[in-house]
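Below: one structure, written as structure tokens.
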Amino acid sequence: MLACPDLKRTRKLADTYDFSMVVDETIAHAVKFYFLPFADVVISNLTKIFSGECNVMGGGAILNPEGRHYQGLKRAFDASHEDNHRARDVMFMGRNSRNFVVQIQRINENVKVICEILRAHPLVKEVYYRKYSPTRRMMVTAAPTGGYGGLLLFTFQQKEHAIPFFRSDRDCERPESRGQLPLDFALYMCFSHNLGSWIGWRRLECRQICCALALESRM
């Protein structure tokens, strides 16, 4: 659930077999984790939490200058780069991201409150969140004060509990993570089409809800 591969082991494989390692940090971004020491390229969707207001789209890539493939990647990026950003888009992206770190801290606090409520609720079987993961000690990339982010997953005791919850939760957007607005969606519903074996391997159930908390006011 919300799994991530072993970055140290993957880095060793990349060095052994000479391939470039690319890490997408869109959800677990640089405020919470340091990915660059392990990756040749770190990419991020700047439309989501970094901006979050749905009035501009963009993405970013950071090349690791210490990586063995840096020179080749830099030449490829320079050769294919197109400066096609509109000035107004750049202006809005900069404005939206000014409170980025503060927003992340607020999201972390919101998730902490929600997790405490869910873990104590009799209708909830289990909450999947990195703070409670037995493997969190392996998070060698974690920043000391970065928190664990706004994405969590929880499982109801019965399917009959999950369905009315999902239908009645009208305050959340679906299913795109927009950063400043909350969302929830039923994982089984998203992945149920022609993916039966994949669902079983990932242990997904129709009782599960995935939530991305945002900048809600504290309860």
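The numbering of the sequence shown is this note's numbering, which starts it at 29 and goes up by one.
Using N, Cα and C, we set each Cβ at its ideal position, and we do this for glycine too.
Exposed or buried, which one is residue i when buried takes at least 16 other CB atoms within 10 Å?
i: Arg9; result: The shown model of the chain, from 29 to 247, leaves out residue 9, and the question about it has no answer.
i: Asn112; result: exposed
i: Gly95; result: buried
i: Gln99; result: exposed
i: Glu137; result: exposed
i: Glu188; result: exposed
i: Ser72; result: buried
Report yes if the C-beta distance between residue i and residue j is below 8 Å; otherwise report no.
i: Asp68; j: Val84; result: no
i: Ala240; j: Gly175; result: no
Check for me: the alpha helix (DSSP H) holding residue i runs from which residue to which?
i: Phe66; result: First-last for Phe66: undefined, no H or E at that position.
i: Tyr98; result: Tyr98 to Ser108
Three-state secondary structure (DSSP) at residue i?
i: Ile135; result: helix
i: Val84; result: coil
i: Ala56; result: coil
i: Phe47; result: coil
i: Gln236; result: strand
i: Tyr313; result: Not covered by the structure: residue 313. The range shown for the chain is 29 to 247.
i: Lys40; result: helix
i: Leu151; result: coil
i: Asn73; result: strand
Locate the beta strand (DSSP E) running through residue i, then write down its first and last residues.
i: Phe61; result: That residue, Phe61, is in no beta strand (DSSP E); it is neither H nor E in DSSP.
### Message
Taking 8 Å as the cut-off, does the stretch 94-106 touch the stretch 117-129 (at least 3 CB pairs, one atom from each stretch)?
### Response
no
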